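Chemist: Mind looking over this structure? Questions follow.
Protein chains: 2
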Amino acid sequence: MERSLDDVIKNNLSGNELKEFNRIYYGRTEHCELKIKNSTKDAGVKYNFDVLGFSFIASKEQLREPRILRLGLVQHSIVLSTDKPINQQRQAIFNKIERIIEAAASEEVKVLCLQETWSMPFFLCTRERKRWADFAESPDDGPSTKFLSKLAKRFEIIIISPILENEDGVWWNTAVVINEQGNYVGKHRKNHLPSVGSFNETTYYAPGNTNHPVFDTKYGKIAVNICYGRHHALNWLMFALNGAEIVFNPSATISEFGESFWGIEARNAAIANGYVTAPNGLRTPGLPKNRDGLLIVEVDLNQCRQVKDQWGFHMTSRLDLYADNLQKVVEN
Amino acid sequence: MERSLDDVIKNNLSGNELKEFNRIYYGRTEHCELKIKNSTKDAGVKYNFDVLGFSFIASKEQLREPRILRLGLVQHSIVLSTDKPINQQRQAIFNKIERIIEAAASEEVKVLCLQETWSMPFFLCTRERKRWADFAESPDDGPSTKFLSKLAKRFEIIIISPILENEDGVWWNTAVVINEQGNYVGKHRKNHLPSVGSFNETTYYAPGNTNHPVFDTKYGKIAVNICYGRHHALNWLMFALNGAEIVFNPSATISEFGESFWGIEARNAAIANGYVTAPNGLRTPGLPKNRDGLLIVEVDLNQCRQVKDQWGFHMTSRLDLYADNLQKVVEN
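First to last, the sequence lines map onto chains A and B.
In my numbering, each residue's number is its place in the first sequence (first place is 1) plus 9.
In my numbering, each residue's number is its place in the second sequence (first place is 1) plus 9.
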């Protein structure tokens, strides 16, 4: 199994040196691990997925109650080989994901995000289109949304479902938001499409036209920055300006595509824009890279404003200056 | 001596685990250390400063010659106690800096950046003003500029000199650019001023009014993002849109002010905006935290365009969308 940076550190550092590394790299000297139930651990062993959980603490406030919330992130491989019928391939993924969502629900996760185009092989690296076309689906009543709606309702959790969308023959890379009643709430289409070497997503779909929606849900104000959009500071910024408290970044990528950036970009965006996780610069260890897994993070959404009040990045942002500057750039 | 993350790693990891850590954290499995001359090492021992040097390599191109260049970054403490006469305090810093610049020049550094308000104690945390006022100086013919102009001319190097500016009774936090002929080229005034807890720089000076200048010098197109401006993605972006190939971020800060961000923000900006160091996500180890030091980085400025061509972040930036979005935000 490939080692992660987290593993390398855990296996080699100890005592004050480990604390000092943690202080600088993760932003605190000790990880606050969540206690995972034995039944969840058993499910992980039985169905072969990892479960990790960590918490971030905010300060107590005089006027607001804490807004403590558990978020879940899921990573998984496909199940069947890609020459099998599409409905069988998809159903096998559904079966796998159902078990992970059950585990998340039993750990009190309230908002769960699946990976980019989670219900299909990530065929967008193949340059082929026709043989995969039936994986594209409707965001509001396609098979992935129908499947997840039942689970969302049963467990009263919000699910972010990144799929390949087909709307009247136009494909999009789309994140669907399903609320805790199992209802389709809305969608966001990936704003920035990679064209890196021979890997070109514009072969498949158009740059998103949904701008930067923020979904005001029972559990918080949620946005989704899909994959390559994480490289674009203005993309992160607009979700913040539209009020996001939580921004997910579902991705499908490989080590050669910027692994050394992974620990930097989303965390930098959270710091710059004051949303979880983690506006105060903290990060958790990650899941092992080559296995299915569920990462749980307990946050207090009060932290978003607390960090803005502490650092003042929003107060000092001078957006009027930049609005003018950008206008001049695009007019030239 | 306080340990750095770099030290902790160097002292505890080895073999494949060290390589894997380096690959993910620094962006490459091995640091490419520059060979430092014995005379430079001797100077470092004699005058008590560290010297570290690393190189980044770009690809060979068919149509452009390499643009290999050595950059220098200097950190230093003050010399005399702050109750001594101001001219003595400043002269003692000048004497110290002269030796470090001599060392940089002997290592073929062509562009050198000093730390924020390098020629005075960083008194901006004291909330006092009057007793320090004589440290504020003219950017084009003040003592710091006069002193550095001679060295810049003698060694044919460009020097970035961040000072406290006083212009007709208005104070600014200003970076002066002095070219390799010893001439004053221009200045940039800090755009974003921190107001964090009781630490409030607006007590002293105004937010910069120089927008985002890029200085087109003999050795490259240079910009300066001063200290707290590193938290602002749009600040970094505008220097890029104005053509910067190198952006320095001279800072004076303490561990409590976001040490866990230090390794993230400037590096994220270099990735997002395609300028050194390091547009491809690499970073070097840093200097020890509590000693004077000179960090030398050898770069090939061709890498800026190479990385833009590889990753396409500029091509996919959709600036027209964001210019509109920001305009709407500031109009509301």
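Beta carbons are placed, not taken as given, at the ideal position from N, Cα and C, and that holds for glycine.
Computed from a prediction, not measured in an experiment: that's the story for all the values here.
Using 10 angstroms around the beta-carbon of I263 of chain A, count the other beta-carbons present and answer buried if the total reaches 16, otherwise exposed.
Modeler: Within the first sequence, numbered from 1, the residue matching residue 263 of chain A stands at position 254. Per the 10 Å Cβ criterion, exposed.
Chemist: Do you know offhand how far I305 of chain B's Cα is from A253 of chain B's?
Modeler: Looking up residue 305 of chain B in the second sequence gives position 296. Looking up residue 253 of chain B in the second sequence gives position 244. Cα to Cα, the separation comes out at about 20 angstroms.
Chemist: Does N234 of chain B get closer than 8 angstroms to chain A when you measure Cβ to Cβ?
Modeler: Walking along the second sequence from the start, residue 234 of chain B turns up at place 225. N234 of chain B does not count as touching chain A.
Chemist: Can you tell me which of A:Y284, A:D333, A:N188, A:A184 puts its alpha carbon nearest to the alpha carbon of N200 of chain A?
Modeler: Residue numbering aside, residue 200 of chain A sits at position 191 when the first sequence is read from its first letter. The shortest C-alpha separation from N200 of chain A is found at A:A184.
Chemist: Give the secondary structure of K28 of chain B by DSSP, where H, G and I count as helix, E and B as strand, and everything else as coil.
Modeler: For the purposes of this step, residue 28 of chain B is taken as the residue at position 19 of the second sequence. Of the three classes helix, strand and coil, the one that applies to K28 of chain B here is helix, per DSSP.
Chemist: Following the continuous alpha helix (DSSP H) through A249 of chain B, name the residue where it begins and the one where it ends.
Modeler: As a first step, residue 249 of chain B is located in the second sequence; it is residue number 240 there, counting from the start. It spans 242-250 - the alpha helix (DSSP H) in which A249 of chain B sits, taken as one unbroken run.
Chemist: Skipping 5 residues on each side, what residues in its chain have a beta carbon closer than 6 angstroms to that of I40 of chain B?
Modeler: The sequence position of residue 40 of chain B within the second sequence is 31, counting from 1. Before going further, note that residue 40 of chain B is His rather than Ile in the sequence given. Hits under 6 angstroms: F63.
Chemist: Can you find the residues in the same chain that come closer than 7 angstroms, C-beta to C-beta, to L246 of chain B, ignoring five residues on each side of it along the sequence?
Modeler: Looking up residue 246 of chain B in the second sequence gives position 237. In its chain, beyond the 5 residues on either side, N282 have a beta carbon closer than 7 angstroms to the beta carbon of L246 of chain B.
Chemist: If you draw a straight line from the C-alpha of F103 of chain A to the C-alpha of H221 of chain B, how long is it?
Modeler: Translated into positions along the first sequence, residue 103 of chain A becomes position 94. Translated into positions along the second sequence, residue 221 of chain B becomes position 212. If I take the Cα positions, the gap works out to 51 angstroms.
Chemist: Could you tell me if N277 of chain A is buried or exposed, where buried requires 16 or more neighbouring beta carbons within 10 angstroms of its beta carbon?
Modeler: Counted from its first residue, the first sequence places residue 277 of chain A at position 268. Its Cβ being crowded by 16 or more others within 10 Å, N277 of chain A is buried.
Chemist: At what residues does the alpha helix (DSSP H) containing L328 of chain B begin and finish?
Modeler: As a working note, residue 328 of chain B is residue 319 in the second sequence. In the DSSP annotation of this structure, the continuous segment of the alpha helix (DSSP H) that includes L328 of chain B starts and ends at 328-340.
Chemist: Any beta carbon of chain B sitting closer than 8 angstroms to that of M129 of chain A?
Modeler: Taking the first sequence and counting its residues from 1, one reaches residue 129 of chain A at position 120. Output row for M129 of chain A: interface = no.
Chemist: Could you check what DSSP says for D318 of chain B in three-state terms: helix, strand or coil?
Modeler: Taking the first residue of the second sequence as position 1, residue 318 of chain B is located at position 309. The answer is helix: DSSP assigns D318 of chain B an H, G or I state.
Chemist: Name the residues in the stretch 203-224 of chain B whose C-beta lies less than 8 angstroms from a C-beta of chain A; which are they?
Modeler: P203, S204, V205, G206, P216, N220, H221
Chemist: Just to make sure I have the definition right: I need the residues of chain B whose C-beta is within less than 9 angstroms of the C-beta of G295 of chain A. Which are they?
Modeler: Start at 1 with the first residue of the first sequence, and residue 295 of chain A comes out as number 286. Within chain B, no C-beta atom comes less than 9 angstroms from the C-beta of G295 of chain A; the nearest is roughly 10 angstroms away.
Chemist: Could you check what DSSP says for N20 of chain A in three-state terms: helix, strand or coil?
Modeler: Translated into the one-based positions of the first sequence, residue 20 of chain A becomes position 11. Three-state result, N20 of chain A: helix.
Chemist: Looking at I172 of chain B and E146 of chain B, is the spacing between their C-beta atoms short of 8 angstroms?
Modeler: Position 137 of the second sequence holds residue 146 of chain B. Position 163 of the second sequence holds residue 172 of chain B. Yes, the pair counts as a contact, with Cβ atoms nearer than the cut-off.
Chemist: Does any C-beta atom of chain B lie closer than 8 angstroms to the C-beta of L61 of chain A?
Modeler: To locate residue 61 of chain A, count along the first sequence from 1; it is residue 52. For L61 of chain A, the nearest beta carbon of chain B is not closer than 8 angstroms to its own beta carbon.
Chemist: Okay, do the stretch 155-167 of chain A and the stretch 115-130 of chain A touch, 3+ Cβ pairs below 8 angstroms being the bar?
Modeler: yes
Chemist: Residues of chain A with a CB under 9 angstroms from the CB of F248 of chain B: which are they?
Modeler: One-based indexing of the second sequence puts residue 248 of chain B at position 239. Within 9 angstroms of the CB of F248 of chain B, no CB atom of chain A is found; the nearest one sits about 11 angstroms away.
Chemist: Please go through the same chain and pick out, in chain order, the residues whose beta-carbon is closer than 6 angstroms to the beta-carbon of S260 of chain B, but skip the five residues on each side of it.
Modeler: One-based indexing of the second sequence puts residue 260 of chain B at position 251. Once the five neighbours on either side are set aside, the close Cβ partners of S260 of chain B are E125, C236.
Chemist: Could you tell me which chain A residues have their CB closer than 8 angstroms to the CB of P276 of chain B, listed as they occur along the chain?
Modeler: Counting from one through the second sequence, the residue named residue 276 of chain B turns up at place 267. It should be pointed out that residue 276 of chain B corresponds to Arg in this sequence rather than to Pro. Result: I273.
Chemist: Check the Cβ-Cβ distances between F144 of chain B and every residue of chain A, and say whether any is below 8 angstroms.
Modeler: Along the second sequence, read from residue 1 onward, the residue named residue 144 of chain B stands at position 135. No, F144 of chain B lies away from the interface with chain A (no Cβ there is under 8 angstroms from its Cβ).
Chemist: Can a CB atom of chain B be found closer than 8 angstroms to the CB of L82 of chain A?
Modeler: The residue you call residue 82 of chain A lines up with position 73 of the first sequence. No, L82 of chain A lies away from the interface with chain B (no Cβ there is under 8 angstroms from its Cβ).
Chemist: With 16 as the cutoff for other CB atoms within 10 Å, does L72 of chain A come out buried or exposed?
Modeler: As a working note, residue 72 of chain A is residue 63 in the first sequence. Exposed, since its Cβ has fewer than 16 Cβ neighbours within 10 Å.
Chemist: To the nearest angstrom, report how far apart P75 of chain B and G321 of chain A are at their CA atoms.
Modeler: Sequence index remark: in the second sequence, residue 75 of chain B carries index 66 (1-based). Sequence index remark: in the first sequence, residue 321 of chain A carries index 312 (1-based). Spanning the two alpha carbons is a distance of roughly 42 angstroms.
Chemist: Does DSSP classify D51 of chain B as helix, strand or coil?
Modeler: Counting from one through the second sequence, the residue named residue 51 of chain B turns up at place 42. Here D51 of chain B sits in helix by DSSP.
Chemist: How about V179 of chain B and A142 of chain B: do their beta carbons lie closer than 8 angstroms?
Modeler: Within the second sequence, the letter at position 170 stands for residue 179 of chain B. Within the second sequence, the letter at position 133 stands for residue 142 of chain B. Not a contact, by the Cβ cut-off of 8 angstroms.
Chemist: Let's see if you can read the secondary structure: which residues bound the beta strand (DSSP E) around S170 of chain B?
Modeler: Along the second sequence, one-based indexing puts residue 170 of chain B at 161. Segment 167-176, the beta strand (DSSP E) holding S170 of chain B.
Chemist: Compute the distance between the beta-carbons of G36 of chain A and L291 of chain A, then report whether it is under 8 angstroms.
Modeler: Taking the first sequence and counting its residues from 1, the one referred to as residue 36 of chain A is at position 27. Taking the first sequence and counting its residues from 1, the one referred to as residue 291 of chain A is at position 282. The criterion of a C-beta distance shorter than 8 angstroms is satisfied by G36 of chain A and L291 of chain A.
Chemist: Using 8 angstroms as the limit for Cβ to Cβ distance, is N334 of chain B near chain A?
Modeler: As a first step, residue 334 of chain B is located in the second sequence; it is residue number 325 there, counting from the start. Taking Cβ atoms only, chain A reaches closer than 8 angstroms to N334 of chain B, which makes this a yes.
Chemist: Can you find a C-beta in chain B that's less than 8 angstroms from the C-beta of R327 of chain A?
Modeler: In the first sequence, residue 327 of chain A corresponds to position 318, counting from 1. Chain B, which has a Cβ nearer than 8 angstroms to the Cβ of R327 of chain A, makes this yes.
Chemist: Is there a Cβ from chain D that is less than 8 angstroms from the Cβ of G36 of chain B?
Modeler: No chain D is part of this structure, whose protein chains are labelled A and B.
Chemist: Look up E7 of chain A in the DSSP assignment and say whether it is helix, strand or coil.
Modeler: Outside the displayed range of chain A (10 to 341) lies residue 7 of chain A, so it cannot be described from this structure.
Chemist: Any Cβ of chain A within less than 8 angstroms of the Cβ of F164 of chain B?
Modeler: Numbered from its first residue, the second sequence carries residue 164 of chain B at position 155. No, its Cβ sits nowhere closer than 8 angstroms to a Cβ of chain A.
Chemist: Which whole-angstrom value is the C-beta distance of Y56 of chain B and R138 of chain B, which I expect to be below 8 angstroms?
Modeler: Position 47 of the second sequence holds residue 56 of chain B. Position 129 of the second sequence holds residue 138 of chain B. Y56 of chain B to R138 of chain B, Cβ: 33 angstroms. No contact.
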